[in-house]
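Presented below is the structure to which this report refers.
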Amino acid sequence: MARPRILVADDEVDLIAELKPLLERSGYDVSTAIDGRQALERVREIHPDLIILDVLMPYVDGREVLRRLREADDWTPVILLTQVGTPTERAMSLQEGADDYINKPFDPFELLARVQAVLRRTQQGRLPISSYRWLIADDLRVDRQGRHVWLSDEQLNLTARALGVLEYLMLHPGETVPRERLLDEVWGWSYAVETRAVDIRIAELRKALGDDADEPRFVETVVGQGYRFLIAVEGKQ
Amino acid sequence: MRGWRILVFVGLAAIPAALGLFVSLLLRHELLANFIYTGRYYVDLAWMVSAGSIILSVLCGMVLVPVWFSGHVKRMRSQIQADALEDRRRFIRRLDHEVKNPLTIILLSLSNLQNSPSLSREESSSLARASQQVQRLQKLVVDLRWLTELDARTTERSRIDLREVIRDAVQSACPEEVSPRIRVHYQEVPWPVGTVLGDRDLLVTALRNLLDNALKFTEDTGQVEVRASDDGRAVTLEVADTGIGIPAEEMSQVFEELYRGQNAKRISGSGMGLALVHRIVSLHHGSISVRSREGHGTVMTIRLPLASAD
């Protein structure tokens, strides 16, 4: 079986020099680009299976590369290397068509886990689930723009953070998401906050969804690791 | 708002002058007697009114000018503080931005080196130590950035029972202990402690930071107490310990980012904890103060406004 091809685009040559061997050791073929223009050329030449794209690059920045790819109906999975902090800014990365993002400085193993997860859940040529306004899993519907959740025909009353947790889990279906990542992504901060804060929101979510922790339908606790959304999720505009 | 205040000041100062003018007009049209007999002397009313007006104007000025000036100084001071905060935020954003790429590269390099098969045990442990320290640096940068970015946009606002906040903070400060080293006193009579409006997770974080500090700087045989009370207007949360205390000359700096007391340097910490608590309390429109005696203990007091009944 052919090794998946990954294109890494970042203007920091030292970062590329260190990231390339790490990805190669993990079983990927790696090509590189040092600015946005070169990244677009390389995509046309090698048709990568996944692109790791830095946001801040000369000539054409990462967001612009992403927009041009999506405008050209190219849905190659993209992981953005972002420098942004707040959840709103991060959410924008996904709305622009990225499949995932990771903040610099990142743990190398966390990046590898994201690469594997994105490759597993995305299918070539299809829109990433994060591009859709509606997330649907059976009778559960989440309106990401209006910030509303419906179960069957009943609208659920959730706090902003519980909704954020549900949205993040549904954007990563089948993937075990550690509590620390949820804190980082949904709260926007992980400073000295006990992961118990996540457990409290999960309890709120389960109560609203009528989900049983012992026999979960939607959110499963993976002991010692985190939480996982169990049902397949579809996107709708 | 400022324009209205000036108008009120001018209006008040003009009252004695207008009064004088009014009495002068009455005298001129002979609607008032020019002289008043006091029992011993005849007093010229025109002179008396003029002198009275001047004295009243001067008195008003003596009261109003300092009031206006103190308001002006207060506004100037808060403007200077806001500018300083914005400068600090801008600096931290730049620092954060400039440090991120080098930190990422160092983390990747260390990860690659750790995978080398020819490393000796000493080299491996050196790399592991370097990796730990880089992660510490990474956390510090992220926390510093978060502290400056933490504002009303990133916080929730709901009605919070402080009993739950205290329970969670105590549990997370002493997760393994069956009977934690922390004693909790919660006002029940004449009325129980009321609710506050705010972000539960942030308040737990604030209290937990105070408890972490209290436990860190107090011997195992010492005491740590959390006290919650309600005076009908605000809730007071106190964390008291019998620890090493804070030297008097350092008291004004304890809430600054990265500040570490002279007697605290041998105990690990980032110097971010109290700055964070201060920021969280400010976001909840509350106040925090500290009382301490070196060698005897410290009391940190948070006051938070009560949520309105409706």
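Order-wise, the sequence lines are chains A and B. If you read the first sequence in my numbering, its first letter stands for residue 1, the second for the next number, and so on. If you read the second sequence in my numbering, its first letter stands for residue 238, the second for the next number, and so on. Note that beta-carbon positions come from the ideal geometry of N, C-alpha and C, so glycine has one too. Nothing here was measured: the structure is a model prediction, and the numbers come from that model.
Within the region 144-170 of chain A, contact with chain B at the beta-carbon level (separation under 8 Å) is assigned to Thr159, Ala160 and Arg161.
What Leu293(B) touches in chain A, judged by beta-carbon distance under 8 Å, is nothing: the nearest beta carbon there is about 57 Å away. Around the C-beta of Pro412(B), fewer than 16 other C-beta atoms lie within 10 Å, and the residue is accordingly described as exposed. The C-beta of Ser130(A) has 16 or more other C-beta atoms within 10 Å across all chains shown, which makes the residue buried.
Distances from the CA of Glu234(A) to each of Leu171(A), Ile52(A) and Asp214(A) were compared; the closest alpha carbon is that of Leu171(A).
Contact between Arg196(A) and Ser409(B) holds: CB atoms are separated by about 6 Å, below the 8 Å threshold.
Between Thr341(B) and chain A, the shortest Cβ-Cβ separation is below 8 Å. Per the C-alpha coordinates, the member of Arg44(A), Tyr132(A), Val43(A) and Gln116(A) positioned closest to Gly27(A) is Gln116(A).
Apart from the 5 residues on each side of it in sequence, Leu452(B) sits with its Cβ closer than 7 Å to the Cβ of Ala410, Arg418 and Val461 in its chain, given in chain order. The beta-carbon of His334(B) is placed less than 8 Å from the nearest beta-carbon of chain A.
About 12 Å separates the beta carbon of Leu166(A) from that of Val177(A), a gap too long to meet the 8 Å contact definition. With respect to chain B, the C-beta atom of Arg63(A) has no partner C-beta closer than 8 Å.
Every alpha helix (DSSP H) stretch that sits fully inside the region 342-429 of chain B and reaches 4 residues is listed by chain position as 358-386 and 399-410. Shown here, Phe218(A) sits in coil according to DSSP, grouped into three states, outside any helix or strand. The beta carbon of Trp134(A) is closer than 8 Å to those of Arg141, Val142, Asp143, Arg144, Gly235, Lys236 and Gln237 in its chain, skipping five residues each way along the sequence. The beta-carbon of Asp138(A) is placed no less than 8 Å from the nearest beta-carbon of chain B.
Within a 10 Å sphere around the beta-carbon of Gln318(B) sit fewer than 16 other beta-carbons, which makes this residue exposed. For Gly534(B), there is no enclosing alpha helix (DSSP H); the enclosing beta strand (DSSP E) has its first and last residue at Gly534 to Pro542. Burial is judged here by how many other beta carbons sit within 10 angstroms of a residue's own beta carbon; Met537(B) has at least 16 and is buried. Where Glu18(A) is concerned, the enclosing alpha helix (DSSP H) starts and stops at Val13 to Arg25.
Runs of the beta strand (DSSP E) lying entirely within the region 106-181 of chain A, each at least 3 residues long, are 134-137, 140-143, 148-151 and 154-156 in chain order. Close partners of Arg114(A) in chain B (Cβ separation under 9 Å) are lacking, with about 14 Å as the shortest Cβ gap.
Straight across, the Cα-Cα distance linking Ala321(B) with Leu440(B) is about 26 Å.
Judged by DSSP secondary structure, Val514(B) falls within the alpha helix (DSSP H) whose first and last residues are Gly510 to Leu520.
The contact set of Glu393(B) on chain A, defined by CB atoms closer than 9 Å, consists of Thr159, Ala160 and Arg161 in chain order. At a cut-off of 8 Å, the C-beta of Arg196(A) has a neighbouring C-beta in chain B. The C-beta of Leu22(A) comes closer than 8 Å to at least one C-beta of chain B.
Here Pro58(A) has Asp11 and Asp35 as same chain residues with Cβ atoms under 7 Å from its own Cβ, once five neighbours each way along the sequence are excluded.
Per DSSP, the unbroken alpha helix (DSSP H) holding Asn450(B) starts and ends at Arg437 to Lys453. Taking CB atoms only, Lys104(A) has a neighbour in chain B less than 8 Å away.
Close to Asp405(B), with beta-carbon spacing below 9 Å, are these residues of chain A in chain order: Glu194, Arg196, Ala197 and Ile200. For Lys236(A), the enclosing beta strand (DSSP E) starts and ends at Glu234 to Lys236. Per DSSP, Asp29(A) is not a residue of any alpha helix (DSSP H); the beta strand (DSSP E) it occupies stretches across Asp29 to Ala33.
For the region 421-446 of chain B, the beta-carbon criterion of a distance under 9 Å to any beta-carbon of chain A is satisfied by Arg437, Asp438, Leu439, Val441, Thr442, Arg445 and Asn446. With contact defined as three or more Cβ pairs closer than 8 Å, the region 95-111 of chain A and the region 64-81 of chain A are in contact. Within chain A, the residues Glu12, Leu15 and Lys104 have their CB atoms less than 7 Å from the CB of Asn338(B), given in chain order.
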